[in-house]
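J.:
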């Protein structure tokens, strides 16, 4: 039983080779670590870029304890006192090659002190001050804890696993990524800080030097080389499973043999892919040989009964894990069966030896005698490396049921994989991991010496189903609610390394389908064959069934009729332009639809007035029908606040509602599949921002409603925004089906009422929102390419400002320049900066006056680095002052170094009675996504510093946060990701568009373009290529999801034949187009044998940056024509845009080759007329 070590490294673009990064100022990933964010000097590091650390004169970058991990040359570092207030003299240490200096921060925290002592069987006194929290302070306690932590490592035997947290350029959504593994060659000595007159004790340095036996015994995954050469890293990323996050946290932590097995298996898979791809030269075969050797070692160290100690703790033996490590673990190596020895003691066949364990073993024997019905289960659990609380949860029937495990003891003995399929975990304990169960049932090497009689074959149906469930859960987390059967089988095979691969036989699986149907839904008779998680498919059908039923039904007409137009005029005033008249007309029609239909969908782009329509609707509904129960819901706290504020009615988040109705498992917020509480009764239910709701949440919400008294179910949203986080795309699927089957249920708003406020009257339609039209599904505007061409030329128009940037420095300069021009913020001037956010006069609502948006947190254009740089530019004085030990101000709060007057965002919903100050001034609730300003910060002698924040949505109330709460609830918010900004809007938005980012999609661009109210500033890297490319339906994140709600919708690469795809319009040749009408045009051209290109740029004869995007560029026998299909000719803005485009064709000499077709007034399209036009103009028949 060997203890291994995990070591967290800060990302380094030269792969920790002992040099300064090549581009240190662009390394936005390392600044997620507070000590680097605090101290990194970009200018100084740029001057030393690429230099060996050993050659630096008198200074080192703040990451200096990491970059020698794979360095051929060492250097000296200086250890600074981690508890800065003591000001202990620093101590230097020579770092040899291939070394790092990690610190075990969890072991140094008071909140984990008791847990550590119990797990390690340490008898150690508590703190001098019983109320102390935070870091362990007393030197004697620090020394004992560090002695135990570092003393468990065995040089030349223990392994070291290097990893990065989310601060990496590979996948910012993966919390941990393994970068390498090696053998520990040496653990450095314990060093001590110097003393001062006040502190005379020996205070230990927390970190220790860890040297690995690299390159002879170790491997590094070549991430940096892949990134440097432009190769895709997706298939070589080694992600730490969520069940192993604790051993890969807190800087340095112990890693067990069982976890080591799981990680080494994953590293082997990644190295095998590196070898197979052949992009990077290396002795990969030797590395694989070494990895397989240490994998065998880890299996031996794991032993056959790694859970025996936890089982003994469940039986009341508090030192069970210590007994496991010191007594039981060595027995297997001696050829003795450890569990038989334990059973002999528990059954009273032998007496335990005298010593520290005897009393506990006798206590366990007594409890064992009272639990005879659980003997078989506990014996089985001893084979798995379960933590004590996991054994407690599994063995106790009530706790087992509460955690979602619907199985008896006999069921679990017969099939332990049920634990991995069902366990939900608790707030303090992770769910059982598939790998943990699989290791126990299919052990290798010496761990298999005392194997279970119940042998599990590689394709055992229990194993196949469990792996299939895990694969489908991963797919659901990525957005898919269904997979093809063939895809599922392939993913099952690839789930484990080649040697342990689960290889199901298709015919055997089909023959045993009844066994699989307990958890899986299948459609084997369909083409293609399909499979899904049973509960998820059930929720899809709950949604589809309710939509189908309600879509057919209407409500009685109002008596007397409601004057919707009069109500609209009272809110908006009399229309003065044709556009305003058309906008009121469509709102009047929409209000009639909301009132008359049992199901309706209010949809429209930004600025079309959806929330205003809801306000009018609710007012008139109460006048017409009196006060009946009305339920207003939104998916996020910020969306709830906006809905409530604009409609002047109470609203709830969906999570609040479902929690109140008993549909969430308490504490862990996992949706229940069953609930015995009464259904909620309301006559009208309105659900806002429906595009953000995943299938599991949507389906559970509908199950919680009593459909009997429900007269109106109104769904509101914009399907062109980012798809939900989680499975499916229910809102988009609903709209697609309704447009096809029940269009009368849809209340569309198409006329944008948001105007450019900077224009002289008469107001013109928003240019920026017209540009956004080019990123909407099934919406074709003849003017969006005109605006895109203007953007290409750097032309700013109306509410759209266009700026191009070339590199990081240029981006910052351009951003600050536009902030100065638009907001009046001068370089480095905190007064004008504060004024722009309303801080000077406490106008807290203005905290949302402007916002920087980026597609990503990471990268040099991401929000992490932008927040750091903005704060340093305009809060530098406050940062310096608060970091002084003599300051009356508290030191900066949390990893983001938040100080007084900083702009912040709440990142988790939080409710607490009496929280708002003054009492009664607010909601006592702050929602995820709310933005505000730190209005006060208090320094307290006892160390419990407090900051207070006022949020724009509750400008009269302040909310206080203790220092320990800040990281959990608050982040800097000068720059936000587009994802976090969804559901919000701001007066001025600075939107950064890089050439490449893993998060870029059509929906992300659309969402970013529509977050402003007054001015949008586009900061585009180099040229408009990403804007042009992302217009394509093929760049849609929404359409890349597999769903099966009303009809089957699969990604194109999942099938090898023409197949129905919801949400995407494809021609017979598979080309994605924007509308059904364009499909008709394309199919006519295909049938006539006429070739074409879709949306190919057509450039002006006089300006190479001026272009338009004809729907179809048609080529036939040397002639070229440009075909435009006109869809919404009845809409004034559409007609105006087409008129401008037609004029462009004329001015550039293309008018004689222009062909047009047009939808009918009712939206119909005449295919015969299109064919006739093609024959006459192109074929000249």
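In this note's numbering, the protein residues as written are 2 to 1182. Using N, Cα and C, we set each Cβ at its ideal position, and we do this for glycine too. All values derive from a computational prediction rather than experimental measurement.
(1) In terms of residues, what are the limits of the beta strand (DSSP E) holding residue 879?
(2) Could you name the residues of the same chain whose beta carbon sits closer than 8 Å to that of residue 1081, not counting the 5 residues immediately before and after it, in chain order?
(3) Determine, using beta carbons only, whether residue 103 and residue 208 come nearer to each other than 8 Å.
(4) Check this for me: beta carbons of residue 567 and residue 1011, under 8 Å apart or not?
(5) Using only the alpha-carbon positions, how far apart do residue 611 and residue 982 sit?
(6) Please report the residue range of the alpha helix (DSSP H) in which residue 743 lies.
(7) Comparing alpha-carbon positions, which option in 1000, 507, 697 lies nearest residue 672?
(8) Quick check on the DSSP output: the alpha helix (DSSP H) that includes residue 323 runs from which residue to which?
(9) Just confirm the distance between the C-beta atoms of residue 383 and residue 316, as a whole number of angstroms; I'd bet it's less than 8 Å.
(10) Please confirm if the segment 45 to 58 is in contact with the segment 245 to 263, defined as three or more CB-CB distances below 8 Å between the two stretches.
(11) Could you say if the segment 110 to 126 and the segment 81 to 97 meet the contact criterion of at least three C-beta pairs nearer than 8 Å?
(12) Quick check: the segment 706 to 723 against the segment 519 to 535, are there 3 or more CB pairs under 8 Å?
(13) Is residue 837 closer than 8 Å to residue 825 when the C-beta atoms are compared?
(14) Should the segment 186 to 202 be regarded as contacting the segment 149 to 159, the criterion being three or more beta carbon pairs within less than 8 Å?
(15) Measuring only the C-alpha atoms, how far is residue 828 from residue 140?
(16) Ends of the alpha helix (DSSP H) at residue 420?
(17) From the DSSP output, which residues share a beta bridge with residue 907?
(18) Any idea if residue 454 is buried or exposed, counting beta-carbon neighbours within 10 angstroms, 16 or more meaning buried?
(19) Considering only DSSP beta bridges, list what residue 1120 is partnered with.
(20) Looking only at its own chain, which residues have a Cβ that is under 7 Å from the Cβ of residue 922, when we skip the five neighbours before and after it?
(21) Taking buried to mean at least 16 other C-beta atoms within 10 Å of its own C-beta, is residue 1036 buried or exposed?
(22) Please go through the segment 986 to 1013 and give each complete alpha helix (DSSP H) segment of 4 or more residues, from N-terminal end onward.
(23) Distance check for residue 792 and residue 523, CA to CA, integer angstroms please.
(24) State buried or exposed for residue 547, treating a residue as buried only when at least 16 other CB atoms are found within 10 Å of its CB.
(25) Can you find the residues in the same chain that come closer than 8 Å, C-beta to C-beta, to residue 597, ignoring five residues on each side of it along the sequence?
(26) What residue ranges within the segment 531 to 587 form continuous alpha helix (DSSP H) runs of no fewer than 4 residues, ordered along the chain?
(27) Compare the Cα-Cα distances from residue 867 to each of 809, 918, 908 and report the closest residue.
(28) What is the residue span of the alpha helix (DSSP H) that residue 80 lies within?
(29) Grab me the residues of residue 563's own chain with a C-beta within less than 6 Å of its C-beta, minus the 5 sequence neighbours each way, in chain order.
(30) Expressed to the nearest angstrom, what Euclidean distance is found between the alpha-carbon atoms of residue 1017 and residue 816?
(31) Start and end of the beta strand (DSSP E) containing residue 184?
(32) Do residue 900 and residue 883 have their C-beta atoms closer together than 8 Å?
(33) Helix, strand or coil for residue 631? Go by DSSP, reduced to three states.
(34) So the beta strand (DSSP E) residue 274 belongs to, where does it begin and stop?
(35) Where does residue 1066 sit, in a helix, a strand or coil, going by DSSP?
(36) State the start and end residues of the unbroken alpha helix (DSSP H) segment that holds residue 492.
T.: If we stick to the structure as given:
(1) Looking at the DSSP string, residue 879 is not in any beta strand (DSSP E); the run it does join, the alpha helix (DSSP H), is 877 to 884.
(2) 1166, 1168, 1171
(3) yes
(4) no
(5) 18 Å
(6) Here residue 743 belongs to no alpha helix (DSSP H), and DSSP marks it neither H nor E.
(7) 697
(8) 321 to 324
(9) That belief does not hold up - the Cβ atoms of residue 383 and residue 316 are roughly 11 Å apart, past 8 Å.
(10) no
(11) no
(12) no
(13) yes
(14) yes
(15) 46 Å
(16) 418 to 423
(17) 971
(18) exposed
(19) 1117
(20) 957, 958
(21) buried
(22) 1003 to 1010
(23) 49 Å
(24) buried
(25) 555, 556, 558
(26) 535 to 552, 565 to 573
(27) 809
(28) Run containing residue 80: none in the alpha helix (DSSP H); it sits in the beta strand (DSSP E), 76 to 80.
(29) 621, 625
(30) 13 Å
(31) 178 to 188
(32) yes
(33) strand
(34) Careful: residue 274 lies outside any beta strand (DSSP E), inside the alpha helix (DSSP H) at 258 to 278.
(35) strand
(36) 486 to 494
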